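A.B. asks: Can you read through this structure? Questions will come right after.
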Amino acid sequence: MSGIEIPPFEKQVRLIRATGQVHSTWYRERYPEVDAMQLHPAEHYLLLGADLGRNPGRGF
């Protein structure tokens, strides 16, 4: 083990939401499956979006 502790998912979501880097309205409009999956855009980005190469916001 590297000794690096990864925060629990809920904490990661809170941290990402606090940064304002995931623009909820823009993200939902751009990636409509977010609403179908009943996820907050930050949750979707952490679970799937980043791996799929999705941008979290307009200026990213």
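Under the numbering used here, the residues of the sequence shown are numbered 262 to 321, in order.
Cβ coordinates follow ideal geometry from the N, Cα and C atoms, glycine included.
It should be emphasised that the depicted structure is a prediction, and the values quoted were computed from it without experimental measurement.
Give the straight-line distance between the Cα atoms of Ser285 and Glu304, rounded to the nearest whole angstrom.
C.D. replies: By one-based count along the sequence shown, residue 285 stands at place 24. By one-based count along the sequence shown, residue 304 stands at place 43. So the alpha carbons of these two residues sit roughly 11 Å apart.
A.B. asks: Report buried or exposed for Leu307, applying the criterion of at least 16 other Cβ atoms within 10 angstroms of its Cβ.
C.D. replies: As a first step, residue 307 is located in the sequence shown; it is residue number 46 there, counting from the start. Answer is buried; the Cβ neighbour count reaches 16.
A.B. asks: Quick check on Ile265: buried or exposed, where buried means 16 or more other Cβ atoms within 10 Å of its Cβ?
C.D. replies: The residue you call residue 265 lines up with position 4 of the sequence shown. So Ile265 counts as exposed.
A.B. asks: When DSSP labels each residue in this structure, what does Asp296 get in the three-state scheme?
C.D. replies: Here residue 296 refers to the residue found at position 35 when the sequence shown is read from its first residue. Asp296 falls in the helix class under three-state DSSP.
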